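Visitor: Here the numbering used here is used: the first residue of the sequence shown is 168, the next is one more, and so on. We put the beta carbon where it would ideally sit given N, CA and C, even for glycine. The structure displayed is predicted, hence computed values, not measured ones. One structure coming up, written as structure tokens, with questions to follow.
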Amino acid sequence: MSSVTENWQPLVRPLLVTMAKNPVFCTEGGQWVDLANALLSTVADDISTDIKRTVHKAYLVCQENLIVLPQNVLEGLRVSGCLSTVAVTTPHRLSCLLQSCLSQFESQERCHLLAYLCDQKDFSLLEGLQLLPLQDGSFRAFTTEPSPTFFCQEQDLRLFPG
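Here it is as structure tokens:
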């Protein structure tokens, strides 16, 4: 807002408030929504493009009205007080959404989601999600329940016929 010339300054706040109340924000899914019906992406810029793309896809697959705003628009809405009630993306929200739509993701995308959720350092986010990759290409759900695990050296395999 500091880059707006002085003669336009009185119009900036009313314009942003009006924008927030009207469907002028285009979702990643191509719909026009107002801020009250939008989910604002807060995925950090420092993560890889592939991971960010997969996280955004997860919100879209789960029918969320995801919007990604440029930094200058975000700053204007923040200064005008329009962002105080806007829903934002969070790792917890993503974890809850993935419980119902994870089957729609390919192996590589599941690995991206696993990397994103592990990066949060809150491993409870993984509970119940089939994101644990197995050798055979399938995935298993993370659980706190102990399960039997067998590790085998290649030389031990020769002891078993077939």
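1. In angstroms with no decimal places, state the Cα-to-Cα distance between R277 and Q176.
2. For E231, I'd like the list of residues in its chain whose CB is within less than 6 Å of its CB, leaving aside the five on either flank, ordered along the chain.
3. Distance check for Q238 and A187, CA to CA, integer angstroms please.
4. Which residue's Cα is closest to the Cα of F318: A308, F309, Q302, R307?
5. Would you list, in sequence order, the uninterrupted alpha helix (DSSP H) runs of no fewer than 4 residues that lie entirely inside the stretch 202 to 246?
6. With a threshold of 16 other CB atoms inside 10 Å of the CB of G197, please say whether the residue is buried or exposed.
Guide: Taking the structure as given:
1. 46 Å
2. L206
3. Each residue's Cα considered, the two are about 16 Å apart.
4. Q302
5. Taking only runs of at least 4 residues, the alpha helix (DSSP H) segments lying wholly in the stretch 202 to 246 are 216 to 228, 238 to 246.
6. exposed
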